[in-house]
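In the UniProt record's numbering, the protein residues as written are 1 to 705.
#1: Run through DSSP, which three-state label would residue 17 get?
#2: Near residue 159, what residues of its chain come up, given a Cβ to Cβ distance below 8 Å and the 5 sequence neighbours on each side ignored?
#3: Please say whether residue 524 and residue 493 have beta carbons closer to each other than 8 Å?
#4: By alpha-carbon positions, which one of 134, 613, 151, 323 ends up nearest to residue 161?
#5: Could you have a look at residue 222 and say whether DSSP puts it in helix, strand or coil?
#6: Could you give the first and the last residue of the continuous alpha helix (DSSP H) run that contains residue 238?
#7: Let me check understanding here. Comparing Cα to Cα, which of 172, 77, 613 lies closest to residue 121?
#8: Just verifying my parser: in three-state terms, what is the DSSP assignment at residue 248?
#9: In whole angstroms, what separates the C-alpha of residue 531 from that of residue 508?
#10: So what does DSSP say about residue 166, is it helix, strand or coil?
#11: Could you work out which residue in 683, 592, 583, 605 is closest to residue 637 when comparing CA atoms only?
#12: Whole angstroms is fine: what's the gap from residue 330's alpha carbon to residue 48's?
#13: Which same chain residues end up closer than 8 Å to residue 36 when comparing Cβ atoms and leaving out the 5 residues on each side of it in sequence?
#14: Tell me whether residue 565 is buried or exposed, calling it buried when 16 or more other Cβ atoms sit within 10 Å of its Cβ.
#15: Report the rounded CA-to-CA distance for residue 708 versus residue 295, giving the unit in angstroms.
#16: Skipping 5 residues on each side, what residues in its chain have a beta carbon closer than 6 Å to that of residue 1?
#17: Check whether the Cβ atoms of residue 115 and residue 90 lie closer than 8 Å to each other.
#18: Give the range of the beta strand (DSSP E) segment to which residue 583 is assigned.
#19: Between residue 505 and residue 414, how many whole angstroms is the CB-CB distance? I'm expecting something under 8 Å.
#20: When the Cα of residue 303 is compared with those of 546, 323, 556, 291, which residue comes out closest?
#21: Does the Cβ of residue 586 have 16 or more other Cβ atoms within 10 Å, making it buried, or fewer, making it exposed?
#22: What three-state label does DSSP hand residue 442 in the structure shown?
#23: Please list the segments of the alpha helix (DSSP H) lying wholly inside the segment 245-299, counting only runs of 4 or more residues, in order along the chain.
#24: Could you give the distance in angstroms between the alpha-carbon of residue 691 and the alpha-carbon of residue 487?
#25: Is the beta carbon of residue 130 closer than 8 Å to that of residue 165?
#26: If you measure from the beta carbon of residue 354 to each beta carbon in chain C, is any gap under 8 Å?
#27: Considering residue 75, what are the terminal residues of the alpha helix (DSSP H) in which it resides?
#28: Of the choices 289, 190, 252, whose alpha-carbon is the least far from that of residue 281?
#29: Note down, in chain order, each residue of its chain lying with its Cβ closer than 8 Å to the Cβ of residue 216, except the 5 sequence neighbours on either side.
#30: What residues in its chain sit with their C-beta under 8 Å from that of residue 708, if we drop five residues either side in the sequence?
#31: May I have the straight-line CA-CA distance separating residue 388 from residue 287, to the nearest angstrom?
#32: Is it the case that the segment 197-206 contacts the segment 693-702, given that we only count it when at least three CB pairs across the two stretches are under 8 Å?
#33: Mapping DSSP to helix, strand and coil, what is residue 318?
#34: Can residue 703 and residue 85 be called in contact, C-beta distance under 8 Å?
#35: If you scan the segment 607-634 from start to end, which runs of the alpha helix (DSSP H) of 4 or more residues do you find wholly inside it?
#36: Check whether the segment 670-688 touches the segment 649-656, taking contact to mean three or more Cβ pairs, one atom from each stretch, closer than 8 Å.
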């Protein structure tokens with residue numbers, strides 16, 4: 001392409017090759033490394049030299065290069081293996097395990113990420129035996145892993161590793177006991193409670209797994225647990241060593257556990273030891289470890305950059321007194337997760353109802369003290385503002401000029417005056433019900449929506465908030481009572497709770513206000529009950545040209561898809577969109593929808609979750625044929641198992657050869673075997689798009705590269 005364009009550029013007086021090497025290197029840095037080495041460098045002598053520059057070959061990122069295959073990796077390692085110091089192959093689930101053998105050519109590797117790759121104990125041993133300079137490693141531990149198969153050379157390499165990220169799919173210590181110099185340990189527990197055959201699993205470690213981890217140099221400990229009691233049993237074994245002797249240099253201690261994770265005597269001893277001996281910069285604990293205890297009063301903090309009190313009953317009074325120390329300067333704090341903290345903006349929680357108004361003085365203290373916040377999550381709670389002028393939650397948050405990501409409940413963004421008014425209705429709307437489907441035509445909406453209601457929109461507190469956060473990249477507006485129809489390890493939810501009363505007036509005008517976010521890259525909207533036409537979505541499509549991820553769930557009335565026409569118009573403008581997730585009952589995935597979606601030329605992943613939803617197989621096949629970048633298609637609808645299986649097989653048979661990373665799951669949403677199907681979905685897709693969750697401040701920033 002470069003060669004073919006040179007003659008045209010010369011005729012216009014501009015030659016790309018006349019740019020300085022610095023400019024060309026900057027341009028080439030946006031090209032995938034496989035294309036640089038295997039294609040671009042063969043176009044001319046100058047590019048042949050530049051494509052092998054150390055700035056381009058030092059770090060090789062393959063984690064989302066969905067076109068890479070085994071042969072390309074082999075050639076890449078052969079050509080520049082000795083020049084690679086950092087290699088990221090995370091989530092390359094489609095590559096055969098033999099591909100890992102070629103990593104042995106990278107003799108100078110310092111950082112290696114193989115999360116999501118198929119690696120056996122023997123292959124890992126052979127590879128690590130040759131990587132004597134390795135200091136950072138990320139791997140999966142799957143059933144069948146045997147630490148006794150690791151050679152002495154492999155264990156010598158592991159003894160020098162200071163950073164380890166380990167995802168566990170089976171009860172095991174993995175390679176942790178071999179890593180005697182660990183400073184950073186990240187553990188992801190994805191062990192299921194039952195085997196495929198239906199047998200209950202035990203959290204006890206396998207025979208030969210009794211080696212004790214070495215934590216004496218540990219600075220960062222992070223553990224994230226998927227639902228299930230086995231994960232809790234195994235993580236307690238990892239924590240047992242910490243409870244005996246807390247590392248002196250520990251400055252980040254984070255455990256993310258869903259549901260109930262009870263505190264034990266060992267964990268209490270660990271927390272008491274931490275309170276006496278360490279000063280933390282990052283903290284996250286299971287809610288049962290914080291609720292009702294005076295732990296926060298005794299823990300000491302240095303220059304904290306991350307706090308997560310997700311789902312805790314922590315009151316605003318305790319938050320200010322014990323964490324912020326009555327308004328202490330916390331300019332170092334950049335990320336704060338208060339998701340599900342229903343009382344965190346109230347002075348006390350003993351006699352308070354979750355729906356009561358917030359205390360604006362607590363939020364104001366938080367904003368003033370933590371003025372450099374970049375990531376803030378206030379979702380999954382009822383944060384209702386009072387009628388006091390100037391003290392609305394949106395007005396106070398507008399002072400946080402450095403915010404890059406924000407998650408809010410729907411009821412928190414409404415104007416107080418508007419929330420007590422009856423939401424507008426139209427004579428064509430169907431009552432909000434879960435009854436049988438109602439056949440309706442495609443809704444129309446005003447094309448000049450912004451002009452018609454400009455004065456009303458621009459006077460709202462949410463409009464002002466969006467206008468003040470011009471550099472926001474991620475926004476989530478989620479109903480406080482919203483729950484996805486497809487949870488992790490359970491059958492699909494058939495009914496959902498009604499939206500908060502304060503949220504009833506939130507609709508098209510609030511969505512239109514989001515279009516002010518010029519640099520928006522990720523948007524999640526869930527349970528906005530007053531969406532009548534979806535006209536605000538078109539504004540977003542026109543103005544937010546950097547949008548890459550879009551997730552829409554349960555917008556408008558539940559009995560029908562009221563915003564289909566606007567959504568199709570929006571999609572025609574989303575040229576950078578890569579991930580689209582739609583969750584809406586009675587969604588019709590037909591020819592018109594897929595024709596509009598075909599305008600999203602950069603789309604890579606599509607997930608549709610729809611109770612009683614329908615699809616047209618021919619339309620799906622045409623869409624897959626026209627959108628060449630799509631490598632993930634997940635649809636959980638109301639169609640029969642036969643229809644779903646036939647379509648899935650047709651897609652795989654037609655496109656798998658051209659798209660090695662193709663992952664297709666089409667399955668009835670309410671089928672009893674849904675959880676068995678979900679367990680085979682690659683973790684990258686499952687965690688990033690298929691399962692609905694709030695992702696703002698979910699982890700500390702830059703936790704792993």
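The beta carbon of each residue, even a glycine, is placed where N, CA and C say it ideally should be.
Based on what the coordinates show:
#1: helix
#2: The answer, listed in chain order, is 178, 179, 180, 181.
#3: no
#4: 134
#5: strand
#6: 229-244
#7: 172
#8: coil
#9: Cα-Cα distance, rounded: 5 Å.
#10: strand
#11: 583
#12: 50 Å
#13: 28, 51, 56
#14: buried
#15: Nothing about residue 708 can be reported from this structure: the residues present for the chain run from 1 to 705 only.
#16: Because the pLDDT at residue 1 is just 49, under 50, the model does not fix this residue reliably, and the point stays unresolved.
#17: yes
#18: 579-583
#19: At roughly 5 Å, the Cβ-Cβ gap stays under 8 Å, so residue 505 and residue 414 are in contact.
#20: 323
#21: That one is buried.
#22: Because residue 442 sits at a pLDDT of 44, beneath the cut-off of 50, its placement in the model cannot be relied upon, and the following sentence gives the value as read from the coordinates. Looking at residue 442 - three-state DSSP - the assignment turns out to be coil, as it is neither helix nor strand.
#23: Complete alpha helix (DSSP H) runs here, min 4: 265-277, 287-290, 295-298.
#24: Spanning the two alpha carbons is a distance of roughly 7 Å.
#25: Going by C-beta atoms, residue 165 is not nearer than 8 Å to residue 130.
#26: Chain labels in this structure do not include chain C; a single protein chain is all it has.
#27: 70-80
#28: Proximity to residue 281 across 289, 190, 252 peaks at 252, based on C-alpha coordinates.
#29: Apart from sequence neighbours up to five positions away, the residues of its chain that approach residue 216 with a beta-carbon distance below 8 Å are 245, 247, ordered along the chain.
#30: In the structure as shown, the chain begins at 1 and stops at 705. Residue 708 is therefore absent and cannot be evaluated.
#31: Roughly 32 Å between the two C-alpha positions.
#32: no
#33: helix
#34: no
#35: Within the segment 607-634, the alpha helix (DSSP H) runs of at least 4 residues that lie entirely inside it are, in chain order, 617-626.
#36: no
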